[in-house]
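In what follows, a single structure is set out as structure tokens and then discussed.
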Amino acid sequence: MAGFLLRRLANYAVLVVLAASLAYVLAACALNPRANLMDRSPRPSAAVVDAELTRLNLNDRTPLPRRYLTWADGVLHGDFGHTWEGESVNGEMWRRAWVSLRLLLGGAVLGGVFGVLLGAYAAVRRDRFPDRAATYGAYLLLSVPVFVLAVLLQYAAERVNAMTGTQLFAWVGESTPGAGDGTFGGLDALADRARHLLLPTLTIAFGQAALYARYQRGLMLDVLGADFVRTARAKGLTRRAALLKHGLRTALIPMTTYFSYTFGMLLLGSMFTEKIFGWHGMGEWLVDSISRGDVNVVAATACFAAVTVLLAGVFSDVLYGILDPRVRTRTR
Amino acid sequence: MTGAMRGRPGRGRAIAGAFLLVLLFLLAFAGPLVSPWGWDDIDFTAFLSPPSARHWFGTTQSGRDVFALTLRGMQKSLIIGLSVAVLSTGLAAVVGTVAGYFGGWADRALMWGVDLLLVLPSFLVMAVLSPALGGGWQALVALLAAFLWMVTARMVRGMTVSLREREWVLAARFLGVGATRTIVRHVLPHLASLLLVDAAVNVSVAILAESGLSYFGFGVRPPDTSLGTVIAESRGAATVFPWLFGFAAGLLVLIVLAVNLLADGLRDVLDPQLAASGPSAEAEAEVTADGARAGSGAGSGEPAVEGSAG
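Residue numbers (this note's numbering), protein chains in the order written: chain A, 1 to 332; chain B, 1001 to 1310.
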């Protein structure tokens, strides 16, 4: 098991290095920070722009290999360089990663749990009304792009707000400035944050739930007719106990792979949600930095994405090994 | 064939999806013929007007007809979706069969390339490269196709490895038939249903990806229009002026839904295990196809390959 994991890790490390380097080279070739700097008002002189670009290691007159080496040297020392405004990429990246995590965690957990339960239930009630409803509901949800779903939810929230005459839902940013200044102070601020979290969480949870419901239904159907479930029933367990304890638990094992991968992908995949709801997380950063031509940030987000996806891969390998004894014996 | 298809699970879904898709195609390509406004016409007497007899879907802030814009966007989305699906599935078939059939170094190199492409954040690469390649929709098609084929290639490779040792392939090889001919005549036909379903799934994935990229301004860009750009233009105003958003979003969802129905129905119709045996086969088929689509990380293609080859 350890050897297998080590080999996997080494393989992953090579892939991360390659992915990050490729992303850097691509971004450095295709993006044009010079044009953006020249557009500033008051219009800076060419010499100033040149000096600024050189300082940020973005100067397109420096040969690409040298720029790459400067960047790679920095990254190896744990420094991703500076953003376009001259801030350190590292600090900003951590801050934004936390924002993304705050945004995603609730939605991912809620969606995962709900999706798994729904999928399992649909499988048990196969071809009857609950199954049909869940299956077609998941179909519909999977066909709705996030940026449409988010707007639909905003529309519904607006109606609810108008009907109840309160600001139950809020959908701009992470908090209202000055929310904690009321009589209840911190409590008010917390409630305000929760209100801002409601809609984005729902947006993420819906998509995730639909996805997981489909997987889980398939996996659960596989398990329903299995020998060990029949044995559990023959042992005298009720149908519910047999299905929950022996069926669902077994059917959950392959889901660990999906869980960890989807969560790894989500960190960057949340750009629509972040953009629409005005959260300043990793996804928004990526989109903004591409349109601004901020090469260092683009490379840093690419690196971040590769690392999260691969960490998710390692995590799921380990988890799989722990949960499924057959894997341990097979891979030696 | 029709006799064999009757009673197959999934037949209804496939037909419903295909029917809906034909209707949408008709709307997208015949609609502009009856529309009084062209997609680039500007009506200076109607800015942001709600749907009316004059402008069926209303007008935008700059006085453009939303009906014409939406249909134009549909055409783009449909064409892009179809061409990406054909290209990426074709690429997956070529790479997968070559890697699986020849094995050895070719196999290792190709699969390593697959892993690498899976690790690269595809959105980022597409967003960076699409404007750099001139921003035309053909460049977008090439980019989308380049990032959709990997998981399928892994599945195709797995199935080819198991097909390679079958009697008819061995017979062809020992008779001296060339590798290309063997692959085309004796391996590919056994992968046809997988590839067909994959192509159908890819249509919807490509349409969603295209509209997402265009939404951020990295895909199809003004003055040209796609459903993504129409929806993006309504950003911030969607709840106040719902016609700017509703028609384009609704049609986008309908297209994707139709394609998904068709793909899912086809998968069940074409699955030989499903007609022969009971529930567990269906479950396996579903997990296989879904798992492959979802697992875009390196290594997650493995279980799916086992499932479909077995």
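We put the beta carbon where it would ideally sit given N, CA and C, even for glycine. In this text, all values refer to a predicted model and were calculated from it rather than measured experimentally.
Proximity of residue i and residue j at Cβ, strictly below 7 angstroms
i	j	result
R1054/B	G1135/B	no
S1088/B	L1148/B	yes
A209/A	G111/A	yes
D1198/B	T1160/B	no
S1077/B	I1207/B	yes
L1129/B	A30/A	yes
G91/A	G81/A	no
A302/A	A97/A	no
Y212/A	G115/A	yes
P1121/B	A305/A	yes
R207/A	V229/A	Note that residue 207/A is Gly in the sequence shown, not Arg. No, the pair does not count as a contact, with Cβ atoms beyond the cut-off.
S291/A	S100/A	no
W285/A	L103/A	no
Q216/A	A312/A	no
Per-residue DSSP class, three states only, for residue i
i	result
T1059/B	strand
T308/A	helix
H280/A	coil
H82/A	strand
P1279/B	Here the model assigns P1279/B a pLDDT of 43, short of 50, so the residue's position is not dependable, and the following value carries that caveat. Three-state DSSP puts P1279/B in a helix.
S88/A	strand
E1284/B	Confidence at E1284/B is low in this model, with a pLDDT of 41, below 50, so the placement of that residue is unreliable and no value is reported for it.
D192/A	helix
D317/A	helix
D1065/B	strand
E52/A	helix
K1076/B	helix
L1175/B	coil
H1186/B	helix
T1045/B	coil
R239/A	helix
I253/A	coil
E1165/B	coil
D1204/B	Correcting the residue identity first, residue 1204/B is Ser in this sequence and not Asp. It is helical.
F1102/B	helix
L168/A	coil
G1081/B	helix
E158/A	helix
A1289/B	Note that A1289/B has pLDDT 41, beneath the 50 cutoff, so the model's placement of it is unreliable and the number below is only indicative. A1289/B: helix per DSSP, three-state reduction.
L31/A	coil
G3/A	helix
N59/A	coil
E174/A	coil
A1016/B	helix
F1025/B	helix
8 angstroms contact criterion, which residue i and residue j should meet: CB distance rounded
i	j	result
T973/B	A1248/B	Residue 973/B lies beyond the stretch modelled for chain B, which goes from 1001 to 1310, so this question has no answer here.
A1085/B	N1202/B	4 angstroms
D1224/B	P1009/B	With a Cβ gap of about 41 angstroms, D1224/B and P1009/B do not count as contacting.
V1119/B	L15/A	5 angstroms
V1098/B	A1106/B	6 angstroms
L1124/B	A23/A	6 angstroms
R67/A	A28/A	6 angstroms
L1213/B	A1127/B	6 angstroms
Proximity to residue i [Cα-Cα], best of the options
i	options	result
V109/A	V146/A, F259/A, V295/A, G313/A	F259/A
L243/A	L219/A, T262/A, Y261/A	L219/A
Y12/A	D324/A, D317/A, T70/A	D317/A
D192/A	P44/A, G173/A, A205/A, T203/A	G173/A
L319/A	V229/A, M255/A, F129/A	M255/A
R249/A	T238/A, S270/A, L224/A	L224/A
L1251/B	L1023/B, G1219/B, A1192/B	L1023/B
A205/A	A241/A, Q167/A, Y215/A, A150/A	A150/A
S1162/B	G1100/B, D1271/B, M1074/B	G1100/B
L202/A	N36/A, L76/A, S88/A, A170/A	A170/A
Cβ of residue i within 7 angstroms of any chain C Cβ
i	result
L252/A	Here the protein chains are A and B, and chain C is not one of them.
For the segment 1045-1072 of chain B, list every residue whose C-beta sits within 8 angstroms of some C-beta in chain A, in sequence order.
none
Determine which residues of the segment 1230-1247 of chain B have a Cβ less than 7 angstroms from any Cβ of chain A, and write them out in chain order.
I1231, A1238, T1239, F1245
Within 9 angstroms of chain B by C-beta, residues of the segment 311-323 of chain A in sequence order
A312, G313, S316, D317
Interface residues of the segment 148-180 of chain A facing chain B [CB-CB below 7 angstroms]
V148, V151, Q154, Y155, E158
Residues in the segment 118-145 of chain A having any Cβ partner in chain B nearer than 9 angstroms
A123, R126, Y139, L140, L142, S143, V144, P145
Between the segment 1071-1086 of chain B and chain A, which residues of the former have a C-beta closer than 9 angstroms to a C-beta of the latter?
none
Please list the residues of the segment 19-31 of chain A that have a C-beta atom closer than 8 angstroms to any C-beta atom in chain B, keeping them in chain order.
A19, L22, A23, L26, A27, C29, A30, L31
Return the residues of the segment 233-247 of chain A that lie within a Cβ-Cβ distance of less than 9 angstroms from chain B, sorted by chain order.
none
Under 8 angstroms (Cβ pairs) to chain A, residues found in the segment 1120-1138 of chain B
L1120, P1121, F1123, L1124, V1125, A1127, V1128, L1129, P1131, A1132
Near-chain A residues of the segment 1191-1225 of chain B - C-beta to any C-beta below 8 angstroms
S1204, L1208, S1211, G1212, Y1215, F1216, G1217, F1218
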